[in-house]
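Each residue of the sequence shown is one higher than the one before, counting from 127 in my numbering.
Here the structure is laid out as C-alpha cells; the discussion comes afterwards.
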Amino acid sequence: MVILGLETSCDETAAALVTADGVVLSSVIASQAELHARYGGVVPEIASRRHLELVAPVIEEALATGGATLDDIEAIGVTSGPGLIGALLVGLSAAKALAWSRGVPLIPVEHLHGHVAALYLQPTDLEPPFMCLLASGGHTLLLDVQDRGWENVRVIGRTLDDAAGEAFDKGARLLGLGYPGGAEIDRLAKEGDAEAFTFPVARVAGLDFSFSGLKTALLYAVRDLPAAELEARKADLAASYQRAIVRALTERIAEAAGDGPIAIVGGVAANSALRAALPHATAAPLALCTDNAAMIASAARYSARLESPAFLGLDAHPQSL
Ligand code: KG4
Ligand code: ZN
C-alpha cells in the first residue's frame, strides 16, 4: 500500500507515490517555469489554469511509473498551504475528489513540513532532533526539529524581508539571467571569482536574516559598471553575490546548531556553494530540494488523517499557519 502525494502550491504540478517506510516509487514534476519566464515571475492565474490542465495526467503518470493503480493507494497527502490560493485549490480539489471516490483518507500537509520531510525519505531517513535551514523562494527559516511531526518544530529564526531564494531570483534578474534565477547564478558563479566584489552580509539581532540590503548593493554595483565591463564581470558578480548569501546562511545555522546536527532543505539547498560550505550537514537529495510531491507524501506519513466525508469541508490557506 502506498501514499499518493500531490503538490500544486506554486508553479510545479507534482504527484508522487511513497511507501509507508519512505521509499519513493515515483515522483513526477511538471514545471511551468517556461510559461512564467517571460513575466519574470509566477503569474498566479496562469499557474492555476495550468495546474487544472496538468493535475490528472501528472497523477496518471505517477501511478504508471510507480507500477501502481488507484487500488494500491491507501491515503492521499496534499499541500493545503501556504502558497498561491488558486493553485492550492486545484490540488486540494483533485485530492478530495479522488479520496472521496476511492473511500480513502485525505491528509492535509503544510508545504514547509513537506520540505523538511524530504529528509525522512529513503535512503536519507534522517532522525530528529536536528537544526534545519529551510531556504526556498518564499521562506527562509531556521527550525528546531524535535520529531517528525510538524507540531514539535519550532521556528527560531526567519528572514525579516526577502527569502534567500527571492534574493537569488532578484539578483539573477539584475544580472539579466533567466528565471528562476537561483540555478542560473549557481551555474555562472562557477566561472567567477567570489572575492572580486565585497557585498555586505546584513547583521540583524538574534537568529534572523535580512537579504534586501544585499540586493540593493548588487543593484548599485551593476549600475556603476560600464556596459562592456558589466558583461565581462557578470560571473564575478554572480560568484560574489552568491557568496554573500551563502555566508549569511551558514553563519546563522552554525550559530544556532553549535556542535549539533544540521540539515538543509528547500530550493536554495540545491545550491552547490551552500552544500560545499556545509560538508557536515545532511542535505536533501537535489531532486527533493525544489518543490516536489514525494516530500508531501513523506510528510503525510507523520500527519493526521481525515476520513470521508469530514475532509470535504477542508480549505486551502495562503499563509503559514
Ligand atoms: O522550494 P522551492 O522549489 O519553491 C518554494 O517553495 O519557494 O524553491 C525555489 C527557489 C527559487 O527561488 C530558486 O531560485 C531557488 O529555489 N533555487 C536555487 C537553486 N535552485 C533553486 N537557489 C540557489 N541555487 C540553486 N542551485
Ligand atoms: Zn517549496
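Ideal Cβ placement from N, Cα and C applies to all residues, glycine included.
Any non-hydrogen atom of the ligand KG4 within 8 angstroms of residue 243 CB: In this structure, the C-beta of residue 243 stays at least 8 angstroms away from each heavy atom of the ligand KG4.
Span separating the alpha-carbon of residue 329 from that of residue 307: 24 angstroms
Touch test, the stretch 361-373 against the stretch 399-419, Cβ-Cβ under 8 angstroms, three pairs minimum: Flag = yes, the stretch 361-373 and the stretch 399-419 touch.
Residue 312 - DSSP class collapsed to helix/strand/coil: helix
Cross-strand partners of residue 270 (DSSP beta bridge): 257 and 280
For residue 171, the first and last residue of its enclosing alpha helix (DSSP H): 170-191
beta-carbon residue 177 near the ligand ZN non-hydrogen atom, thresh 8 angstroms: no
Cα-Cα separation, residue 339 to residue 326: 8 angstroms
Integer Cβ distance of residue 426 from residue 235, believed to fall under 8 angstroms: 5 angstroms
Distance cut-off 8 angstroms: residue 397 Cβ against heavy atoms of the ligand KG4: yes
Inter-residue Cα distance where the pair is residue 365 and residue 318: Taking the straight line from one Cα to the other gives about 5 angstroms.
Heavy atom of the ligand KG4 within 8 angstroms of residue 417 beta-carbon: yes
Cα-Cα separation, residue 298 to residue 230: 44 angstroms
Buried or exposed (CB count within 10 angstroms, at least 16 for buried), residue 266: buried
Check whether residue 184 and residue 154 have beta carbons under 9 angstroms apart: yes
Straight-line gap, residue 334 to residue 282 (C-alpha atoms, nearest Å): 8 angstroms
Beta-carbon gap between residue 129 and residue 145 smaller than 9 angstroms: yes
The stretch 209-227 touching the stretch 250-261, judged by at least three CB pairs closer than 8 angstroms: no
Residue 435 versus 233, 159 and 207, residue with shortest Cα-Cα distance: Per the C-alpha coordinates, the member of 233, 159 and 207 positioned closest to residue 435 is 233.
Residue 355 (DSSP reduced to helix, strand or coil): Collapsing the DSSP output to three states places residue 355 in a helix.
Check whether residue 131 and residue 430 have beta carbons under 9 angstroms apart: no
Three-state secondary structure assigned by DSSP to residue 323: Residue 323 falls in the coil class under three-state DSSP.
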